[in-house]
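Report on the structure given below.
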DNA sequence: GACATTAGTGACTTTTTGTTACTAATTCGC
DNA sequence: GCGAATTAGTAACAAAAAGTCACTAATGTC
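Protein chains in written order, with this note's numbering: chain G, 1 to 231; chain Z, 1001 to 1231.
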């Protein structure tokens, strides 16, 4: 008979400090960028992710929405949880546990407030160690789930050209895609529908605008993919 | 100029009660099963997920490992975080926030302790609402990530036949796979290597045993898949 | 009007996947 | 011992999907 320890179910819960840390991502100058907030004077790093403790009876997503709205001026439409972090790494507010949440917002050409700034993921300033971990995980999660959920569409305005969409995919995947293949696959997916509007960017032929409008499609009955392991 | 609210970064973190809730999954009688613990007398439901509050300075995975070990007798080798849950749903210990963690263990034919029992995911007893949510998310996460991480291999002993492996994939995906296609894809993936052992199950031709031994492979340069959306 | 530039597509090639049908090695019933 | 049943493993072909190239289309620039 194997040794068994006492069951934990009887212990009382302990009190912990909890933070919700939000990674707001948006395409900026042909790169994915995160919105950071200037840290108060005296902090060890100059910049932090927007974060706060959830209020009593406030859900995690609600908290993320409130936090993102406070730095953006309006609430993003899309959130995805990145995970809970409680390694020994330092959090700017010394929270025991952080819940990381990524928010995706379309590219806009508004200027951020004086307290905030967009940083390309490839050129982040020094962040508290836990914040750096969360940003990295957020980017990895976005890349990993881009073809499982409509992430890419949340980084675009409600109507967009197919070239824009391809650009976002290339941004997320970090590699160029072939135009004809991309469009053929998109066609087959019934995820977008054309509008009757066209977008002219100056030079070149104007492009038709599409909107995200997923329709029912025959269930994908494919084999297993062994080639997607991320290890 | 858009209205801006005050930045949250200055607020103090609040104290919250936190639980780690573990979903131990294993193949059992050709179905995925979760290990549940008999609840103490007086609880509203008869069964709960194994859970506990993390100890001071204990990481979330460490806590999950300790909790799983206390019910299994030995620590599982594989964990994956399912997310943080803080909706209004009731937790057996009334934790404000739960971190759900799924642990995968190979099929074993040992009998669980009197306090624990395996339940197929399709025939779970009544659980506290938050526990039900966590189990459902855990199963969804396992299904969703099966071709991104070596989940399936963690549900098998260290050596296994290709039919076993295919069986686990079918369990996770919930649909039958074609033998020849499955093997061809696996071949191309360099994820397993043959041992020189053979497994005879009584009737039928004996099967060669393989082990999980991922080798370098040429990076997967594929197009985008629009057909994997789970919405 | 020639040309640079971006959008969009047809058609061909190559690769991958689905499927069928076979061969191989074992146990069981007789 | 021998044929049927059972499970493992594979070759070969068919179908589908993805990669590629080369073109046509519609605009602005000079």
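All residues carry an ideal CB built from backbone N, CA and C; glycine is no exception. Model, not experiment: these values are computed from the prediction.
query                                                                                                                                                                                     : result
Using the Cα positions of residue 1008 of chain Z and residue 1085 of chain Z, report the straight-line distance between them to the nearest angstrom.                                    : Bear in mind that a pLDDT of 46 at residue 1008 of chain Z, under 50, signals an unreliable position, so the number given afterwards is only what the model happens to contain. Rounded to the nearest angstrom, the two C-alpha atoms are 22 Å apart.
Given residue 129 of chain G, which residues of its chain have a CB within under 8 Å of its CB, disregarding the five upstream and five downstream residues?                              : 89, 90
Can you tell me the Cα-Cα spacing of residue 1029 of chain Z and residue 1120 of chain Z, whole angstroms?                                                                                : 9 Å
Restricting to Cα atoms, I'd like to know which of Z:1207, Z:1184, Z:1202 is closest to residue 1164 of chain Z.                                                                          : Z:1207
Going by the DSSP bridge assignment, what does residue 1117 of chain Z pair with across the sheet?                                                                                        : Z:1036
For chain Z, find out if any of its Cβ atoms is closer than 8 Å to the Cβ of residue 9 of chain G; answer yes or no.                                                                      : In this prediction, residue 9 of chain G scores a pLDDT of 48, lower than 50, which makes its location untrustworthy; no coordinate-derived value is stated.
Does any residue of chain Z bring its CB to less than 8 Å from the CB of residue 189 of chain G?                                                                                          : yes
Between residue 211 of chain G and chain Z, is there a C-beta pair that is closer than 8 Å?                                                                                               : no
Report the residue from Z:1132, Z:1079, Z:1052 whose alpha carbon sits nearest the alpha carbon of residue 1070 of chain Z.                                                               : Z:1052
How is the alpha helix (DSSP H) around residue 21 of chain G delimited, first residue to last?                                                                                            : No alpha helix (DSSP H) holds residue 21 of chain G; the beta strand (DSSP E) holding it covers 14-28.
Which two residues bound the contiguous alpha helix (DSSP H) that contains residue 173 of chain G?                                                                                        : 162-173
Using the C-alpha atoms, what's the distance from residue 1025 of chain Z back to residue 45 of chain G?                                                                                  : 42 Å
How many Å lie between residue 39 of chain G and residue 126 of chain G at the Cα?                                                                                                        : 11 Å
Quick check: what's the CA-CA separation for residue 4 of chain G versus residue 19 of chain G?                                                                                           : With a pLDDT of only 43 at residue 4 of chain G, under the threshold of 50, the placement of this residue in the model should not be trusted; the figure read from the coordinates follows. Taking the straight line joining both Cα atoms gives about 35 Å.
If the cut-off is 8 Å on Cβ atoms, which residues from the region 149-180 of chain G count as contacting chain Z, listed in chain order?                                                  : 149, 150, 169, 173, 175, 177, 178
For residue 1193 of chain Z, count neighbouring C-beta atoms within 10 Å of its own C-beta (all shown protein chains included) and say buried if the count is 16 or more, exposed if not. : exposed
Thinking C-beta only, is residue 1101 of chain Z closer than 8 Å to residue 1082 of chain Z?                                                                                              : yes
I'd like to check one pair, residue 1016 of chain Z with residue 1131 of chain Z: are the Cβ atoms closer than 8 Å?                                                                       : no
What are the complete beta strand (DSSP E) segments, minimum 3 residues, inside the region 122-161 of chain G?                                                                            : 159-161
Using a Cβ cut-off of 8 Å (strictly closer), state whether residue 1042 of chain Z contacts chain G.                                                                                      : no
Using a beta-carbon distance below 8 Å, is residue 185 of chain G in contact with chain Z?                                                                                                : yes
Relative to the C-alpha of residue 1226 of chain Z, which candidate in G:184, G:228, G:124 has its C-alpha closest?                                                                       : G:184
Can you tell me which of G:146, G:60, G:34, G:229 puts its alpha carbon nearest to the alpha carbon of residue 1147 of chain Z?                                                           : G:229
Rounded to whole angstroms, what's the CA-CA distance from residue 205 of chain G to residue 179 of chain G? Just pull it up for me.                                                      : 15 Å
In its own chain, which residues sit with a C-beta less than 7 Å from the C-beta of residue 197 of chain G, not counting the 5 before and 5 after it?                                     : 159, 209
In terms of DSSP beta bridges, what is residue 193 of chain G paired with?                                                                                                                : G:211
Beta-carbon within less than 7 Å of residue 1137 of chain Z's beta-carbon, same chain only, minus the 5 sequence neighbours each way: which residues are those?                           : 1082, 1083, 1100
Give the secondary structure of residue 186 of chain G by DSSP, where H, G and I count as helix, E and B as strand, and everything else as coil.                                          : helix
Skipping 5 residues on each side, what residues in its chain have a beta carbon closer than 8 Å to that of residue 72 of chain G?                                                         : 24, 35, 105
Which word fits residue 1080 of chain Z, buried or exposed, when buried means at least 16 other C-beta atoms lie within 10 angstroms of its C-beta?                                       : buried
Please classify residue 80 of chain G: does DSSP put it in a helix, a strand, or coil?                                                                                                    : strand
Distance check for residue 118 of chain G and residue 1065 of chain Z, CA to CA, integer angstroms please.                                                                                : 39 Å
What's the gap between the Cα of residue 2 of chain G and the Cα of residue 1115 of chain Z?                                                                                              : Because residue 2 of chain G carries a pLDDT of 43, less than 50, the predicted location of this residue cannot be relied on, and no value is offered for it.
Assign residue 1096 of chain Z to buried or exposed, taking buried as 16 or more other Cβ atoms, counted over all protein chains shown, within 10 Å of its Cβ.                            : buried
Taking residue 1063 of chain Z as part of the alpha helix (DSSP H), name the residues at either end of that continuous run.                                                               : 1060-1072
Would DSSP call residue 1180 of chain Z helix, strand or coil?                                                                                                                            : helix
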